[in-house]
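>
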Amino acid sequence: MAFIPHTPDDVAGMLAVIGVQSIEDLFDEIPRELRTGKLAVPPAMAEMDVGRLLTERAALDGRPMNFIGAGAYEHHIPAPVWAITTRGEFYSAYTPYQAEASQGTLQLIYEYQSMICALTGMEVSNASLYDGASALAEACLMAVRANRASNSRRILLPRAANPIYAQVAQSITGNQGIVFESVDFDPVSGLTLLEYLQPYSGQDIAALVVQQPNFFGNLEEVDQIADWAHQNKILLIAVVNPTSLAVLKPPGQWGASTDAVRGADIVCGEGQPLGVPLAAGGPYFGFMATRMQYVRQMPGRIVGRTMDVEGRPGFSLTLQAREQHIRRSKATSNICTNQGLMVTAATIYMSLMGPTGLARVAAASMQRTADLVTRLTRVAGVKQAFTAARFHEAVLILDRPVAPILAALARRGIVGGLDLAERYPELGHALLVCATETKLAADIDAYAGALADIMNSSRAAA
Amino acid sequence: MTELQAREPLIFELSKPGRQAGTQFPPPVDGSAQIPAHLRRATPPALPEVSELQTVRHFTRLSQMNFSIDTHFYPLGSCTMKYNPKACNSFAMLPEFLGRHPLGPEPQGFLACMYELQEMLQEITGMQSVSLTPMAGAQGEFAGVAMIRAYHRARNDLGRTEIIVPQAAHGTNPATAAMCGCTVKEIPCDVDGNVDIDALKAAVSPATAAIMLTNPSTLGVFERKITEVARIVHEAGGLLYYDGANLNAILGKVRPGDMGFDVIHMNLHKTFSTPHGGGGPGSGAVGVGARLRPFLPIPIVGKDGARYRWLTERDLPQTIGRLSGFMGNAGVNLRAYVYMRLLGRDGMVRVAEFAALNANYLMKRLQAAGFEAAYPSRRASHEFIITLKRENRMYQVTAMDVAKRLLDYGFHAPTTYFPLLVPECLLIEPTETEAKEDLDRFCDAMIAIRREMEQDPEKLSSAPHTMPVRRLDDVRAAKQLDLAWKPAA
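Structure representation (structure tokens):
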């Protein structure tokens, strides 16, 4: 029997202790008429047979060469990361409710929080949320609670920020009356220029979201944006890529140093680039950090360092008065887990890479994307969309619809990028591409060669 | 007694400037020179600088400071800490699955697994459709209540914003209701742990959006009057929400759909044995009856002929929308799929049977040893409650003391102080994967602790004695906040 250790003797002995004739008797409180007949579910398979089935299914999916980013990035994952993360002591433990028997998980989360603070330049981090998109939704709800200078539930959300995040934020916060106002981007630079924000100056607005780098890969003028937000008593929510923070100014330092208020108020983002595989979309994890003054408004688990009764240092879950199991309907969120295992992987990843390794990953990814753009724009009918400086993604404009080109590339084993036609029709035939340190010169050559081939032959056919 | 790793320095304390795990780094290039100076980082982030071996040793040693299912009996009530089969992880981590970008061409092999998982979950719960998108039980709850709100709104029945929950409900139920812009009305349970039917009748009104119920309840007993509860709520125009926290107890025995529920969320990390991972990732798939199908969160997996594809807002224009950047915790769902194929039809029924056998056996043995069951006249479901109110009066020991002392005996503690309405309670869920010998060892420990209560209660109130740390100062933790290591200035 699958995973059931009982022998017939065990069962007989246990039933005798309980004082019933059969296991069936244990279900005698369920009304007869409700009882289920035979389930229409396939019969059991041995591990060997399930292994064969899954291997066949995996082979169907193959291993194409990927050039999509758009919120999930393919990076090298060091072998120790998942070798240690899948140790049973991490993999099969639960939330550290019994702190004394969970010091490993608790210390690891404390180290994780410290690393997120180091990367973002913020004072406090939580133990993680579900993913980047839902972290933004939680950040928006938090900003409305935290911004005491505002009575508004309006939040400014640039169109140059990830449009999927915008959808998720809308679904999660909509029932609480949060209203998102979309802010346009400059079609030449691909940036959220200050002039698009200025019409909102002096209005009562709870928060402004800015994504750095933005969805197109462009580097926003975050200092100007941060200063404008603070001048208007608007809380600034920064959505950032953690890899980029090895080389980009951390959100805690955005804005003029002379102003009393400096930096973003809430920082969040997708943690997946830190050692978590693409895996068809999850599990990933969202990170969130803020100023100490807002810590009680932050959702999610938080670990603190304290002392035991003998004065030895130890770690425990803290500030639990914010959470659902204490506050019930008054909690900061209904969330009651973090993405513990993903945080384990990310903490090991950040330890292995350190400041130097992470900066090298960032620089190499920027270089590969620059190389990719150079090569692809040499193909007739392909040009760059925007002029701004960028991180490791770029928008290309094709002289014809993108979807058939991507389909043709896919037949050659290349996932060529994300078609933006539906989400940004005003850009024309736009394609979002990304190359990380995992793409070698030969890979970029292969993509450019295939694209030239497909574009030429489809032109010939036309 | 247990032997855990005693103490491990912070990784930052192992760090030395210039030390590297260099084999993991890409070659240096000048890529970041393209960053305009004012957008560049001035000083590197204070991440640790350690070698690969130091990293491996540090995190291996941290792991050895944990209790886990793989190392310890973990009867944490309401959490279903059963064995997580290794095959589920191995097959979900095949390189083709791990390498797929979520926005790339629709992966037919992976989607075939997800489609079949949806179908199996529908059948097991008696629901019409399933969405695998919610990323945890709490997000599944959110999706459920958001669908209920969308349903009433679509019927222009705008006054229905009240959610009824029994007093014993998990804290996420009221928190979820609040996140969905609803108010909460709590109703009491009777002495046997059933919903108080008269209180329910008095509570329903034209403002009732739904009732949220767990069955078997958080009190560890089956809600026998469920059909009547369903009738009362439906007649009042409300819907029934099933919190799947305790689905393990009834798998293949009775289906929420047949009990009259309109929507359910499942905790795949409980019933379908995906890892708890130190607190996540979970997965909170939702199932719905016909009325709520149009509102399901997207994406879900559909099939056109032989081809699988994502169904989006184009297919479900009334959807409550997206809850995650892509499609939820895909890899967790894949692990649940493998588990269900390993178990098959008969294996699933055995889950409930042996979970109930273990729980009822353990309850009877503990009662025989002098412990008081909170609901002695009832069958245990897959879990049961011991109340220590008598011991508390006689020996001044608390449920927390017993929980901490159990750690010294090598057992993870049961859930303590939940549900809130039973004083000094231990909620004990052994699960079906534990052998009789392990249950007996747990009983022996409880009997030994009982003897200590009488002879040396100080042994309990000062427990644990053998863990890496003694009891921690939670007040200090919350007052003198130390939430991150900082480099020396």
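Top line first, the protein sequences correspond to chains R and E. The working numbering applies: residue -4 is where the first sequence begins, and numbers increase by one. The working numbering applies: residue 7 is where the second sequence begins, and numbers increase by one. Built from N, CA and C at the ideal position, the CB exists for glycine as well.
1) With a threshold of 6 Å on Cβ separation, who are the neighbours of L230 (chain R) within its own chain once the five nearest residues in sequence on each side are excluded?
2) Taking beta-carbon pairs under 8 Å, can you tell me which members of the region 238 to 261 of chain E lie near chain R?
3) So is G99 (chain R) buried or exposed if we call it buried at 16+ other beta carbons inside 10 Å?
4) What residue ranges within the region 331 to 410 of chain R form continuous alpha helix (DSSP H) runs of no fewer than 4 residues, ordered along the chain?
5) Answer with yes or no whether the minimum CB distance from L85 (chain E) to chain R is below 8 Å.
6) May I have the straight-line CA-CA distance separating Y381 (chain E) from P463 (chain E), to the nearest angstrom?
7) Just the Cα atoms here: how many angstroms apart are P436 (chain E) and E147 (chain E)?
8) Examine chain R for any beta-carbon lying closer than 8 Å to the beta-carbon of M452 (chain E), and answer yes or no.
9) Along the region 53 to 71 of chain E, what residues have a CB closer than 7 Å to any CB found in chain R?
10) In chain order, what are the residue ranges of uninterrupted beta strand (DSSP E) at least 3 long that sit wholly in the region 211 to 277 of chain R?
11) Please check if any C-beta of chain R sits within less than 8 Å of the C-beta of L487 (chain E).
12) Which residue comes first and which comes last in the alpha helix (DSSP H) that contains W77 (chain R)?
13) Indicate whether G277 (chain R) and S123 (chain R) have their beta-carbon atoms separated by less than 8 Å.
14) Does the separation of the CB atoms of R476 (chain E) and D303 (chain R) fall below 8 Å?
15) DSSP puts H271 (chain E) in a beta bridge; with which residues?
16) Consult DSSP for P308 (chain R) and reduce its assignment to one of helix, strand or coil.
17) Name the residues in the region 292 to 314 of chain R whose C-beta lies less than 9 Å from a C-beta of chain E; which are they?
18) Just to confirm, is the Cβ distance from G64 (chain R) to H424 (chain R) under 8 Å?
19) Contact criterion: CB-CB distance below 8 Å. Does V190 (chain E) meet it with respect to chain R?
20) I need the straight-line Cα distance from I104 (chain R) to E458 (chain E), nearest angstrom please.
21) Going straight from the alpha carbon of R58 (chain R) to that of P111 (chain E), what length do you get?
22) Taking Q124 (chain E) as the query, report the chain R residues whose CB atoms sit under 9 Å from its CB, ordered along the chain.
23) What does a CB cutoff of less than 8 Å around A27 (chain E) pick up in its chain, not counting 5 residues either side in sequence?
24) Beta carbon of A96 (chain R), beta carbon of H418 (chain E): below 8 Å?
25) Going along chain E, which residues have a C-beta under 8 Å from D56 (chain R)?
26) So who's on the other strand from I392 (chain E), going by DSSP bridges?
27) Apart from the five residues on each side of it in sequence, which residues of its chain come closer than 8 Å, Cβ to Cβ, to P23 (chain E)?
28) Under the assumption that T139 (chain E) contacts G334 (chain E) (Cβ atoms under 8 Å), give the Cβ distance between them as a whole number of angstroms.
29) For chain E, check one thing: does any of its Cβ atoms lie closer than 8 Å to the Cβ of D487 (chain R)?
30) Listed in chain order, which residues of the region 254 to 273 of chain R have Cβ atoms closer than 7 Å to some Cβ of chain E?
31) Name the chain E residues that come within less than 8 Å of P209 (chain R), Cβ to Cβ?
32) When you compare the CB positions of V45 (chain R) and M126 (chain E), do they come within less than 8 Å of one another, or not?
33) For G295 (chain E), which residues from the same chain have a beta carbon less than 8 Å from its beta carbon, with the 5 sequence-adjacent residues on both sides left out?
34) Can you list the residues of chain R that Y89 (chain E) reaches, using a CB-CB cut of under 9 Å?
35) Among residues of its own chain, excluding the 5 on either side of T86 (chain E), which ones have a beta-carbon nearer than 7 Å to its beta-carbon?
36) What is the rounded straight-line gap between the Cα of G284 (chain E) and the Cα of N339 (chain E)?
This is what the structure gives:
1) Answer for L230 (chain R): A138, N142, A202 and D260, listed in chain order.
2) Listed by position along the chain: I256, G258, K259, V260 and R261.
3) When all chains shown are included, G99 (chain R) counts as buried.
4) Taking only runs of at least 4 residues, the alpha helix (DSSP H) segments lying wholly in the region 331 to 410 of chain R are 335 to 371 and 397 to 406.
5) One point to set straight first is that residue 85 (chain E) is Cys, not Leu, in the sequence displayed. Yes, C85 (chain E) counts as interfacial toward chain R.
6) Using only the alpha carbons, I get a separation of about 26 Å.
7) Using only the alpha carbons, I get a separation of about 25 Å.
8) Chain R, which has no Cβ nearer than 8 Å to the Cβ of M452 (chain E), makes this no.
9) Hits within the stretch, in order: L53, P54, E55, V56, E58, T61, V62, F65, T66, L68, S69, Q70 and M71.
10) Counting only runs that start and end inside the region 211 to 277 of chain R, the beta strand (DSSP E) elements of at least 3 residues fall at 230 to 235 and 261 to 265.
11) Yes, L487 (chain E) lies at the interface with chain R (some Cβ there is under 8 Å from its Cβ).
12) Taken as a continuous stretch (DSSP letters only), the alpha helix (DSSP H) holding W77 (chain R) covers A74 to T80.
13) Cβ atoms of G277 (chain R) and S123 (chain R): not closer than 8 Å.
14) The Cβ-Cβ distance between R476 (chain E) and D303 (chain R) falls below 8 Å.
15) Secondary-structure assignment with DSSP links H271 (chain E) through a beta bridge to E:D249 and E:V292.
16) Looking at P308 (chain R) - three-state DSSP - the assignment turns out to be strand.
17) Of all residues in the region 292 to 314 of chain R, R296, I297, V298, G299, R300, T301, M302, D303, V304, E305, R307, P308, G309, F310, S311, L312, T313 and L314 have a Cβ within less than 9 Å of some Cβ in chain E.
18) For G64 (chain R) and H424 (chain R), no; Cβs fall outside 8 Å.
19) Yes, V190 (chain E) lies at the interface with chain R (some Cβ there is under 8 Å from its Cβ).
20) CA-to-CA, the gap between I104 (chain R) and E458 (chain E) works out to about 35 Å.
21) Cα to Cα, R58 (chain R) sits roughly 12 Å from P111 (chain E).
22) Q124 (chain E) does not reach chain R, its nearest Cβ partner there being about 12 Å away, counting only Cβ pairs nearer than 9 Å.
23) The answer, listed in chain order, is V56, S57, E58 and T61.
24) Against a cut-off of 8 Å, the Cβ pair of H418 (chain E) and A96 (chain R) comes out as a contact.
25) By Cβ distance, chain E contributes E102, F103, R106, P113, Q114, G115 and F116.
26) Bridge partners of I392 (chain E): E:A379 and E:L432.
27) Around P23 (chain E), the same chain offers E55 as residues with beta carbons nearer than 8 Å, after the five sequence neighbours per side are excluded.
28) Right, their Cβ atoms sit about 4 Å apart.
29) A query on residue 487 (chain R) cannot be resolved here, the shown segment of chain R reaching from -4 to 457 and no further.
30) Cβ contacts with chain E: E265, P272 and L273.
31) For clarity, residue 209 (chain R) is Asn in the given sequence; the question names Pro instead. Within chain E, no residue has its CB atom less than 8 Å from the CB of N209 (chain R), the nearest being about 12 Å off.
32) Contact flag unset, no.
33) Once the five neighbours on either side are set aside, the close Cβ partners of G295 (chain E) are M133, Q134, G263, F267, D268 and V269.
34) Correct list: F(-2) and S87.
35) So the qualifying residues of the chain are N254, K276, T277, E435 and T437.
36) Looking at the two C-alpha atoms, the distance is approximately 18 Å.
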